[in-house]
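In order, the protein sequences belong to chains A and B.
The first sequence begins at 3 in the working numbering and counts up by one.
The second sequence begins at 154 in the working numbering and counts up by one.
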Amino acid sequence: MLLEIDFSGETPIYLQIRNQVVMGIADGRLSPGEKLPTIRELANEAGINMMTANKAYALLKQEGRIIADRRSGAIVCAGNAGAADGAANGVISGKVRSGLKLLVAEAKLDGVPESELLELCTELYNEGSI
Amino acid sequence: MNKDLLTVNIIMAVCIYPLMPIMYFILKNSAKAKKNLMLGVTLPFDARQDARVLALCDEFKRRLRAVCLILAVIPVSCFFTGYMSISLTIQMTWILVAVVVPYAIYAVYHTRLKMLKQENKWFGETQGAALLDTRVSFSAMKRVNAWLYVPPVLASIVPVAVGVATRAEGAMMAMYVTDAVLTAGISLLHKILYRQRAEVIDSNTSLSRALSDIRRHYWEMTFLWLTWSTGVFSLLIWLLINGSMGIIILSVAYVAVVLISAMSAEFRARKAQEKLTAESGRDKFVDLDRYWMLGLFYYNPADKHFMVNDRIGVGTSVNLARPAAMVLMAFAVVCMLAMPAFGVWMMSEEFTAPYVEVSESAIMAYHTGLEYRVDFADISSVGLLGEMPASKRVAGTGFTALLKGRFNASGIGPCRLCLNPKVPPFIVIVTDETTYIFGSGSADETLATFERLSKSVD
C-alpha cells in the first residue's frame, strides 16, 4: 500500500500515517496478517523522525489495528482485537459516534441534504473488500 | 615547448578532458523521459508526449551540444602557452567553466519546462507529498556479501605492512597508508545505500521494487569495482614505485577504470529506469518538484534525511535544509572557486622575478619573500653557471620561469634553487651541507651581485 505524507499539511504526520493505515485496512489495500515496515524502516523511507513513526504505530496498536513488536515490526490485525478503548466488534464505539456527530453537524451546516449524506456514507462504507 | 611542460599538459589533458563528454552525455540524457522526469521536471504521461515539451528538449540538446563543442576546444590552447602557470590556470578555470556552463543551460531549460508545466497544470495528485510503499523498503533488501570487499582491503594493507617492516621512507609510507585508508573507506561507503530510500514513483509496487533493485544492484557493483580497483592500484603502485612512468600510466589507468565503471553503472541504471517507467504517470504519481531548486538542489526542511537519492540514475544528493549539507555545499563551492584563484596565485609566483642581494655577512635569495640566506662563513666556493643543467624537483616549485626549492641537478647533485632558468647566468654557492644556485631577474643584475659576492668571500 502507498502511504502519502504531506509535510506541509495541517494534519500531524503521525496522524496522517495512522489515518491512511486505518483506511488501507478498511478498503482492503492492507490485508490482515500483512507485514508493515518496522519503525526504523518507516522513519527512514518517509524521512521522518523515529518518534513520529513510533507515535503512529503506538496509536494504531492502542486502537487494535496492528500488532507491533520491536523485533518483527508491525502486523495488520484482522479486526479491532485488543482495542484499548474497550470497543467490541459490531458495536459503534464512542469515538466513532463523536467523530461522526461532528461530521454530520458540519455537513448539515454546509446544507448537505440528509439523503445525499446517507448515500455518501453507504458508498464509502462499501468501498473496498471489508 | 619544453619537455616538462608538454608532459604536464598531456597528463592534465588526460585527467580533465573526460569531464566534457561526461557532462554532455549526463545532461543530454536528462532530457529523455525516465521516472516521469524530463529535464528534472515531473510530468504526467500525456505531457511527456506533448510537442512543446519535446521541442524544448530538442532545443536544449542542440544548445548543450554547441556549448560543449566550444568548451572542448579551450584546453587545446594550453599547448600553445610557453608557461606552466598559464597552462595550469587555463585548465583549472576550464574545469569550473565546463561544470557551471552546461548546468546553467540545464537550469534555464528546466525553468522553461517548469513554466510550461504550470501553464498547463500538469501536476501530480500527490504534489509535494512523499510517497512510500509499505511493501518496499531499502534497508530490508538483500545485502551484498561483505566478504567480497575483504581481498582488496587486505591487498592495500600489504604495502603498509612491508613498509613498516622495512622502515620505508616517510613520503612512501604516507602514500601507502593513504591508499589503504582510501580502499577501506570506499568499501565502507557502500553501506550508505542501506540508509537510502526505496524508489517509489507511483502506486505500482512491482515497479517500485524493480527500481529499488536496480539502484541497489548498480550501487553495489560500482562500490565493488571502486574498492577492487583501489586495492589493486595500491598494490601495483607499491610494486612499480621505482618507475615514474609506470606510476603515471598506472594512475591514468586507475582513473579510467573508476570513471568507466561509475559511468557505466549510471547509464545502465538510467536506461533501465527509462524502460521500466515509460508507461508511468497515467495515474497517481510522485511529484516532488517543489523541493528541487532548478532541478538540481534538494531543499526540504521537513525531511530529516541528510542524503537523498538523485532523481535519476544511482547517485545521491544532499538536503540543503540540513545545516551540515549547507556546510558541505559551501565547501564544494569554495573548492571550485579556489581553482582559478590558485591559478592566478601560480601566475603571480611564476612571473615574479627572483633577485639576489649581498649584505655585509651573507647572500640572500628573494622571490615572494626571503627564500634562502647563506652566511659567508659557511661558503666553501662560489662560481658562475652559464646554463642551468637538467634538474629534477624534489620539493618546491618547478615552473617554466621559476625553479624554487630542493632539486637534483644533473652533474651537481642535490641543490637548492631560486632562479629563472630562462635568465642565465646563475650564481653557484657551495657549502659543506649543500649547493645553492641563485639567479636574478636580469643577467646584468646577477653578474653585478656575483662580483660583490666574490669580493666579500675573498
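C-beta atoms are modelled at their ideal positions from N, C-alpha and C, and glycine is treated no differently.
Remember, it's a predicted structure, so these values are computed and weren't measured experimentally.
Where residue i falls, given that 16 or more other Cβ within 10 Å makes a residue buried
i      : result
B/N453 : buried
B/K575 : exposed
B/K608 : exposed
B/F484 : exposed
B/K156 : exposed
B/S361 : buried
B/Y451 : buried
A/Q18  : buried
A/L62  : buried
A/A90  : Interpretation of A/A90 is limited by its pLDDT of 49, a score under 50 that renders its predicted location unreliable; no figure is taken from the coordinates.
A/A86  : Confidence at A/A86 is low in this model, with a pLDDT of 47, below 50, so its placement is unreliable and the value that follows should be read with caution. It counts as exposed.
B/G434 : buried
A/G88  : Low local confidence applies: a pLDDT of 48 at A/G88 is under 50, so the model's placement there is unreliable, with the coordinate-based value given in what follows. With fewer than 16 other Cβ atoms within 10 Å, it is exposed.
B/A324 : exposed
B/E503 : buried
B/M398 : exposed
A/Q22  : buried
B/G564 : exposed
A/N128 : exposed
B/D456 : buried
Sequence-distant residues of its chain with Cβ nearer than 8 Å to residue i (five each side left out)
i      : result
B/V206 : M191, L196, A200, L266, L269
B/P507 : A518, Y519, H520, E524, L555, K557, C571, L572, N573, F591, G592, S593, G594
A/I15  : I7, F9, A48, I50, T54, A58
B/F213 : A184, L192, I258, Y259, Y262
B/V194 : H263, L266, K267, K270, D442, G448
B/L412 : P171, I175
B/E427 : K185, A186, K187
B/R569 : Y525, G558, R559, F560, T587, T588, Y589, I590
Residues near residue i by beta carbon distance below 6 Å, same chain, minus five either side
i      : result
A/N56  : I41
A/G11  : none
B/F376 : H343
B/S549 : One point to set straight first is that residue 549 of chain B is Gly, not Ser, in the sequence displayed. K557, G558, R559.
A/A76  : L38, Y59, I68, A70
A/S117 : none
B/V405 : V167
B/Q349 : F291, N462
Counterpart residues of residue i in DSSP-defined beta bridges
i      : result
B/V194 : B/M191
B/M460 : B/V471
B/S534 : B/V583
B/K608 : Paired residues: none, contrary to the question.
B/E510 : B/M517
B/Q349 : According to DSSP, which records beta bridges pairwise, B/Q349 is partnered with nothing at all.
B/Q280 : B/D440
B/M446 : B/F450
B/K557 : B/T550, B/C571
B/D286 : A/L4
B/R526 : B/M517
A/V78  : A/I68
B/Y236 : Looking at the DSSP assignment, B/Y236 forms no beta bridge with any residue, so it has no partner.
Cβ shell of residue i (< 7 Å), same chain only, five flanking positions each side left out
i      : result
A/G2   : Lying outside 3 to 132, the shown extent of chain A, residue 2 of chain A is not represented and no answer is given.
B/L217 : Y177, L180, K181, P255, I258
B/V330 : V313
B/A477 : F459
B/I310 : A333
Reference residue i; option with closest CA among the options
i      : options                        : result
B/I223 : B/T279, B/K188, B/Y177         : B/Y177
B/L285 : B/V334, B/V353, B/F276         : B/V353
B/Y259 : B/S183, B/A431, B/A415, B/V480 : B/S183
B/L159 : B/S240, B/T287, B/A363, B/D442 : B/S240
B/V161 : B/C210, B/E212, B/K188, B/F232 : B/F232
B/N189 : B/T430, B/L172, B/Q271         : B/T430
B/I580 : B/T358, B/F603, B/A478         : B/F603
B/G384 : B/S470, B/V313, B/L346         : B/V313
B/S356 : B/R475, B/A477, B/V289         : B/V289
B/F552 : B/F291, B/V167, B/M237         : B/M237
B/R421 : B/L473, B/W378, B/R368         : B/R368
B/V220 : B/V253, B/A204, B/K274         : B/V253
B/M173 : B/A477, B/E322, B/V250, B/R348 : B/V250
B/G536 : B/R546, B/I169, B/V610         : B/V610
B/R296 : B/E272, B/M374, B/N273         : B/M374
The ligand NAD heavy atom lying under 8 Å from the CB of residue i
i     : result
A/A28 : Annotation note on the ligand NAD: not contained in the displayed structure, which lists no ligands.
Would the stretch 261 to 277 of chain B count as touching the stretch 329 to 344 of chain B if we require 3 or more Cβ pairs under 8 Å?
Because the criterion of three Cβ pairs below 8 Å is not met, the stretch 261 to 277 of chain B and the stretch 329 to 344 of chain B do not touch.
Taking contact to mean 3 or more Cβ pairs, one atom from each stretch, closer than 8 Å, check whether the stretch 293 to 308 of chain B and the stretch 224 to 235 of chain B are in contact.
The stretch 293 to 308 of chain B, when compared against the stretch 224 to 235 of chain B, does not touch it at the 8 Å Cβ threshold.
Can at least three beta-carbon pairs, one atom from the stretch 438 to 446 of chain B and one from the stretch 272 to 292 of chain B, be found at a separation below 8 Å?
In short, these stretches touch, since the Cβ pair count reaches three.
How about the stretch 379 to 391 of chain B and the stretch 455 to 472 of chain B: do they share at least three Cβ pairs that are nearer than 8 Å?
no
Given 8 Å, three or more beta-carbon pairs between the stretch 487 to 500 of chain B and the stretch 235 to 253 of chain B
Yes: the two stretches touch, three or more of their Cβ pairs being nearer than 8 Å.
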